[in-house]
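Before any comments, here is the structure.
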Amino acid sequence: SSSVLRQQIFAFKKNTTTGNKHLRVPQQSDTRWVAKYKGVHFFTTEFTSVVSALKKCVESEKKKESAEAKGLLCQLTSFSNVIILVCLNKILQCVNILSTQLQSSTIGIGKSLKLIDATMTRLSSFRTDPEFEECYAEAVNIANQNNIEVPGPGSAIGSRTQKVSSRLDLDGYFTMETIGKGRSATNDAETEKTKMRANFFSILDNISNEMTRRFSENSSFISAVSACDPASGTFLNTEVMCAAAELYGRDKDNLSVIKTQCELGKTMFSTCKDSYDVYNEISNMGESFKELKELVATFL
């Protein structure tokens, strides 16, 4: 980073039940999901510590450092920023589990496919009002701890100077507030909250659509891989396996043979541990399952 802010200020000590815990702002990467998650998670969970560090920088005698700290502090301590941090932390926490699994050197295809499906299902479940309200409540809690104004009646959001019409003769009266002021502030706050909810849903939609695009481009291959896994609900499914056989250039005359071998294999190989175990068991059958053996080998 080109920032002139002193790195040592952003090294924190946090009291825990086991003693002091040393914390430092995580290094960022534009390409790794885990780096994005660690960064967002840090700023969400250690928000107060980061704000305190920036306030120290504001007091710096170095004008450039102080000015940069003021700008960052202003951005960080807006409620809209807090709600974005909380929402992203919730989403990235889910996505990071999948990302970590897919980068594992001991990745299991069947388990990974299940995790992809589970992740997409979970992200879809986030797109509800109760889930957003949970994020909103957490953001309000963080804001209250750091004296950050929350959108609501009487807040700065949507507030404006109230003017009394010059046409009214109110001489001798004292006007506390005009009719509709409270209603206007409440409506403005609800409008702001609605925008935040829409942004949360939009982020979820973009991630879900991208995941669908990436993992459905090779849906036929993925379906066939899953059908070779004894733990899958589509294990040796005849429709999936025959469709894969056609797709990968197998002789159509052998489709009926493959179908029969799949039907028999569902029972014979159901106790296998994984796809490789299935392949080994089929290999032990010799020529009897030659066609199925060749097909399964394609997806290992």
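For the sequence shown, full-length UniProt numbering assigns the number 1 to the initial residue and increments by one for each residue that follows. The beta carbon of each residue, even a glycine, is placed where N, CA and C say it ideally should be. It should be emphasised that the depicted structure is a prediction, and the values quoted were computed from it without experimental measurement.
For Asp-277, the enclosing alpha helix (DSSP H) covers residues 275-283. Residue burial is scored here from C-beta neighbours: Ala-118 has fewer than 16 other C-beta atoms within 10 angstroms and is therefore classed as exposed. The Cβ-Cβ distance between Met-241 and Cys-272 does not fall below 7 Å. Apart from the 5 residues on each side of it in sequence, Val-34 sits with its Cβ closer than 8 Å to the Cβ of Asn-96, Ser-99, Thr-100 in its chain, given in chain order. One alpha carbon belongs to Ile-84, the other to Cys-57, and they sit about 24 Å apart. Its Cα nearest to that of Lys-195, the residue Pro-151 stands out among Ala-227, Pro-151, Ala-224.
Around Phe-201, the same chain offers Arg-127 as residues with beta carbons nearer than 6 Å, after the five sequence neighbours per side are excluded. With respect to the C-alpha of Tyr-248, the residue from Ser-275, Val-296, Ile-282 having the closest C-alpha is Val-296.
Taking 7 Å as the cut-off, the Cβ atoms of Thr-48 and Asn-146 count as close. For Pro-230, the secondary structure class from DSSP, reduced to helix, strand or coil, is coil.
Taken atom to atom, the span from the alpha-carbon of Val-86 to that of Leu-236 is near 43 Å. With fewer than 16 other Cβ atoms from the protein chains shown falling within 10 Å of its own Cβ, Lys-62 counts as exposed.
Going by beta carbons, Ile-91 and Phe-215 fall outside the 7 Å limit.
Restricting attention to Ala-231, Glu-281, Ile-142, the CA atom closest to the CA of Asn-81 is found in Ile-142. Here the C-alpha atom of Asp-274 lies approximately 23 Å from the C-alpha atom of Val-257. Pro-151 carries a coil assignment under DSSP once its states are collapsed to helix, strand and coil. Closest in alpha carbon position to Ala-67, among Leu-54, Gln-103, Ser-78, Ala-227, is Leu-54. Leu-123 sits away from Ser-226, with the two beta carbons spaced by 7 Å or more. Linking Leu-76 to Ala-69 through their CA atoms gives a straight-line distance of about 10 Å. For Ser-99, the enclosing alpha helix (DSSP H) begins and ends at 79-102. Scanning its chain for C-beta atoms nearer than 7 Å, with the 5 sequence neighbours on each side dropped, one finds around Val-140 the residues Val-150, in chain order.
In this structure, DSSP gives Leu-123 a helical state, which the three-state scheme calls helix.
In the structure shown, Lys-293 adopts helical secondary structure according to DSSP, grouped into three states.
One Cα belongs to Leu-88, the other to Ser-78, and the distance between them is close to 16 Å.
Per the coordinates, the alpha-carbon of Lys-259 lies some 26 Å from the alpha-carbon of Ser-112. By the Cβ neighbour-count rule, Asp-229 is buried, with 16 or more other Cβ atoms within 10 Å of its own. For Thr-267, the closest C-alpha among the options Asp-253, Ala-245, Ala-231, Thr-298 is that of Ala-231.
The shortest CA-to-CA distance from Cys-74 to any of Gly-265, Glu-138, Ser-52 is the one to Ser-52. Exposure of Lys-252 is indicated by the presence of fewer than 16 other C-beta atoms within 10 angstroms of its C-beta. Ranking Glu-59, Thr-44, Ile-222 by CA distance to the CA of Cys-135 puts Thr-44 first. Lys-62: not part of any alpha helix (DSSP H); DSSP gives it neither H nor E.
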